[in-house]
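Mind the numbering: the sequence shown is residues -2 to 475 in this note's numbering, read in order. Where a beta carbon is used, it is the ideal one built from N, C-alpha and C, also for glycine. Accompanying notes for the structure given below.
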Amino acid sequence: MWKPDRQSKKPLYEQIADHLEQRISYGEFPPGSLLPSERKLAEQLGVNRSTVILAFAELRSLGIIESRSGSGTRVSQYKWGATPKHTPNWKRYAEGGSFLPNVPFLRRIREALNQNPTLVDFASGELSADLAPMDEIASLMRGHHYTSYLGYDNPQGYTPLRQALEKYLVKYRDIQTTESSILITSGSQQSLFLITQCLLSPGDAVAIEDPSYCYSLPMFQSAGLRLFRLPVDRDGVQPEEIRNLYKKHRIKMIFTNPNFQNPTGTVLNDERRNKLLEIAAELGLPIVEDDPYSLTDYAGVPRPPLKSMDTTGSIIYIGSFSKIAASGLRIGWMVAPNSIVERLADARQQMDFGLSVIPQQVAGQFLKSEHFEPHLDRLRMQLLYKRDLLIEALQKELPDLIQFNIPQGGHHLWCKLVPAVNDAKLLEESIKNGVVFVPGSVYGSDSGFVRFTFARAKAEDIGPGIAGFAKALRELIH
Ligand SMILES: Cc1ncc(COP(=O)(O)O)c(C=O)c1O
């Protein structure tokens, strides 16, 4: 005898409605037949009668059952009977599966940008068109003969791109690896997805930075992981905290973004890097090092990644083209032990048979070309210029109401508002004033924090955008 699951997140009445709908569709209750009374069903299922009433109301609203006073509740003739056409219940399907919807603030920002593309965009974490190497890529594409056969390729990634990355990783990130330890993914996002889905199980505990980009991803919750926070201060996370989390919760993995962290812009200091590696090695804990921003270091001397200091093989390293070249190419990479790369490439093949070969060819060409290094130099200068425009505008418009540390690389400025205001109201008011940003709570912080991305907006829009934000903030405060 079926009974609703009281541990499930799904309300009892919905579970009962689904269960009855299924029995009806299997023909157990044919069209026109009488359903058991509310009282009887409540007894059978061990729930309150009011819960069954709610379940019936749900089925009635979908036209599956009908109730007439005095003659009980019957399966609808129209929906299940002679009429041959039934519309699938798409609403139910859309709520199905284990993948949670995006964070509401992020959906709201996307909707606002779709409705009004002229909003000054301090929310999207990517480069503006003038910072992306579009001319260089176009000229490479014109001069290069692309593959004459477009078949399914190696799900681990296009071999010439992995070879180019092998050289790139030694030259720019001091990482010695081989093409067989590299997996090409659809941005670093897919690397994170594959790790959470394939290497971890529901109920596993993992440590993430607080605040952090990972916090903004429902993919961690969708995978059933339990998230524990490692607070980030001016120098990154406190590694000793990991020991505590391990003792208390048996964490299975650590996710960190040590260089120009999203959203805070912090860099993990050297002492903490050593400590972090030492603790991970002592506990046999893998670290996922998410490193998309290092090469944006404005001084041009990025810190070496944890991976280059890793003597015990504890690190899965993730890189991306998105923050240094073009997010739309969707090129990311992972460096991991061969057994992990093989496992994830196999899962990858089941998902989509591998990334399209064409952007992989373009990325490989660009990495090897004489354009890559000058592009990086220009990018750093332009990002620094935009960062300074943003800081100048904030100091002019809101000297008394906002505090921040100045990042030395990356795309983001993390700000504290003094006094704090309601995140949702500030976002709505800002949209009215022509500007979007990401409220800090999306990254796990309390309300009263804001992330401004300065890479996406045009340089000339930064001042007016901050003026719009300042107007919104002052209106809320007064
Ligand atoms: C720290 C970090 N990791 C991963 C990503 C995902 O980027 P992509 O999938 O475009 O490489 C982002 C994007 O904002 C990020 O900031």
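Residue burial classification, residue i (beta-carbon count within 10 angstroms, cutoff 16)
{"i": "I403", "result": "exposed"}
{"i": "F96", "result": "exposed"}
{"i": "A417", "result": "exposed"}
{"i": "Y210", "result": "buried"}
{"i": "R453", "result": "buried"}
{"i": "G69", "result": "exposed"}
{"i": "F350", "result": "exposed"}
{"i": "E457", "result": "exposed"}
{"i": "S366", "result": "buried"}
{"i": "A469", "result": "buried"}
{"i": "R300", "result": "buried"}
{"i": "I315", "result": "buried"}
Selected residue, minimal CA-CA separation from residue i, among the options
{"i": "R377", "options": "R20, F451, L424 and E339", "result": "F451"}
{"i": "D201", "options": "S178, P208, Y212 and F225", "result": "F225"}
{"i": "K88", "options": "E55, L116 and R71", "result": "E55"}
{"i": "S291", "options": "G441, P255, L197 and D15", "result": "P255"}
{"i": "D232", "options": "M216, L214 and E206", "result": "E206"}
{"i": "K393", "options": "E339, L214 and I463", "result": "I463"}
{"i": "P228", "options": "I248, H246, M250 and A204", "result": "A204"}
{"i": "Y382", "options": "P215, G148, T293 and I106", "result": "T293"}
{"i": "E426", "options": "G465, H409, Q19 and V439", "result": "G465"}
{"i": "A39", "options": "F26, Q19 and K0", "result": "K0"}
{"i": "P215", "options": "Y165, I251, L103 and L242", "result": "L103"}
{"i": "S66", "options": "F363, K168 and S34", "result": "S34"}
{"i": "I61", "options": "V44, L32 and R46", "result": "L32"}
{"i": "Q12", "options": "D397, L42, E370 and R36", "result": "L42"}
{"i": "Q405", "options": "F449, V264 and D420", "result": "V264"}
{"i": "N45", "options": "N86, R3 and E63", "result": "R3"}
{"i": "F363", "options": "E389, V415, D118 and L158", "result": "L158"}
{"i": "T479", "options": "P371, S213 and A360", "result": "Absent from the structure is residue 479, since the part of the chain shown begins at -2 and ends at 475."}
{"i": "Q358", "options": "A333, I134, I388 and Y23", "result": "I134"}
{"i": "W411", "options": "N419, I388 and K244", "result": "I388"}
{"i": "L473", "options": "D420, P461 and F434", "result": "D420"}
{"i": "R36", "options": "S30, L196 and L51", "result": "L51"}
Those residues which DSSP pairs with residue i across a bridge
{"i": "T450", "result": "H409"}
{"i": "V415", "result": "Beta-bridge pairing links V415 to no other residue."}
{"i": "P436", "result": "V447"}
{"i": "W(-1)", "result": "The partner list for W(-1) (beta bridge, DSSP) is empty, contrary to what the question assumes."}
{"i": "P228", "result": "D207"}
{"i": "T70", "result": "S64"}
{"i": "A120", "result": "In DSSP, A120 forms no bridge with anything."}
{"i": "D479", "result": "Lying before the first or after the last residue shown, residue 479 is absent from the chain, which here runs from -2 to 475."}
{"i": "R223", "result": "A202"}
{"i": "T182", "result": "G329"}
{"i": "T253", "result": "E286"}
{"i": "G233", "result": "D230"}
{"i": "I399", "result": "L414"}
Euclidean distance between Cα positions of residue i and residue j
{"i": "I399", "j": "D374", "result": "31 angstroms"}
{"i": "T261", "j": "A467", "result": "21 angstroms"}
{"i": "P208", "j": "S442", "result": "6 angstroms"}
{"i": "D171", "j": "S305", "result": "6 angstroms"}
{"i": "S136", "j": "T174", "result": "30 angstroms"}
{"i": "L386", "j": "G437", "result": "21 angstroms"}
{"i": "P28", "j": "F53", "result": "16 angstroms"}
{"i": "I21", "j": "K6", "result": "24 angstroms"}
{"i": "D287", "j": "I313", "result": "9 angstroms"}
{"i": "I459", "j": "L352", "result": "35 angstroms"}
{"i": "A79", "j": "S73", "result": "Note that A79 has pLDDT 48, beneath the 50 cutoff, so the model's placement of it is unreliable and the number below is only indicative. So the two alpha carbons sit approximately 10 angstroms from each other."}
{"i": "E163", "j": "A129", "result": "23 angstroms"}
{"i": "Q19", "j": "E25", "result": "9 angstroms"}
{"i": "V49", "j": "H16", "result": "12 angstroms"}
{"i": "I106", "j": "Q379", "result": "25 angstroms"}
{"i": "F428", "j": "P98", "result": "At residue 428 the sequence reads Ile, which differs from the Phe that was named. Each residue's Cα considered, the two are about 22 angstroms apart."}
{"i": "K422", "j": "I251", "result": "34 angstroms"}
{"i": "K168", "j": "F257", "result": "20 angstroms"}
{"i": "R139", "j": "P356", "result": "14 angstroms"}
{"i": "V100", "j": "P114", "result": "21 angstroms"}
{"i": "G431", "j": "G184", "result": "30 angstroms"}
{"i": "D118", "j": "I337", "result": "38 angstroms"}
{"i": "N271", "j": "P283", "result": "15 angstroms"}
{"i": "R240", "j": "V435", "result": "32 angstroms"}
>> Taking 8 angstroms as the cut-off, does the stretch 213 to 232 touch the stretch 179 to 195 (at least 3 CB pairs, one atom from each stretch)?
In response: Because the criterion of three Cβ pairs below 8 angstroms is met, the stretch 179 to 195 and the stretch 213 to 232 touch.
> So does the stretch 335 to 349 actually touch the stretch 151 to 159, counting three or more Cβ pairs closer than 8 angstroms?
Replying inline: Yes: the two stretches touch, three or more of their Cβ pairs being nearer than 8 angstroms.
> Three or more C-beta pairs closer than 8 angstroms, one from the stretch 302 to 309 and one from the stretch 269 to 278: is that the case here?
Replying inline: Between the stretch 302 to 309 and the stretch 269 to 278 there are three or more C-beta pairs closer than 8 angstroms, enough to call the two in contact.
> Is it true that the stretch 107 to 126 meets the stretch 318 to 328, where meeting means three or more beta-carbon pairs spaced less than 8 angstroms apart?
Replying inline: In short, these stretches touch, since the Cβ pair count reaches three.
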